[in-house]
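Position in the sequence shown (first residue = 1) + 381 = this note's numbering. Written below as structure tokens is the structure these notes are about.
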Amino acid sequence: KQWYQRRVRGQQQNLAQRQTKANRWQPKLGALARENESRLEKLEKHVLYEDVVKAGARERDLYRTMRSLESETRKQEQVWNHKKQQLDNETSKAKKQALEQIRVIDSQKTEMEQTVAREEALLRQLVVQRDNALTEYRQHQASLKDTIQLFQTLSSEQERKTKLAEAFS
């Protein structure tokens, strides 16, 4: 029991010494804790400030990039509008030329149709004249044949008469 009591007293003394030491270090530890907290706040502010600075620089870079892209977009739009205008002008010009060519072709077609109609009428007239001339030729030929036959008949009659007259004379 004594031994146990000595042991308990020794432990209590150790505990008291430790408590005394702890009480001595308590203000220093508190000061250290406050100092560490202050450092930590400064470090956080510094890191935060650096992050803000980096974010500002990034924002500035992004803004410059955006502005340059907007500028490039406007330039490309102007180029595109210019090319579109040229294409529209050329298309309009080509349409006008095509319409003019169609008008000329239509005019030529109309003239050709009229010429063909006149040529056909003339051809029909020539065919009628040819047919009339052929009919007249055939009639003339038939008449000529009749005349020749009549002449031959008259000639042979005359010869016969002459032969008869010679024979009677």
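Think of the CB as a built atom: it goes at the ideal place given N, C-alpha and C, for glycine as much as any other residue.
Straight-line Cα distance separating residue 383 from residue 399:
Indexing the sequence shown from 1 puts residue 399 at position 18. Indexing the sequence shown from 1 puts residue 383 at position 2. Taking the straight line from one Cα to the other gives about 24 Å.
Segments of 4+ residues assigned as alpha helix (DSSP H) that fall wholly inside the region 454-540
none
Contact set for residue 462: own chain, Cβ-Cβ below 7 Å, skip 5 residues either direction:
The sequence position of residue 462 within the sequence shown is 81, counting from 1. The answer is none, since no qualifying residue turns up.
May I have the straight-line CA-CA distance separating residue 434 from residue 426, to the nearest angstrom?
Walking along the sequence shown from the start, residue 434 turns up at place 53. Walking along the sequence shown from the start, residue 426 turns up at place 45. Computed Cα separation, rounded: 12 Å.
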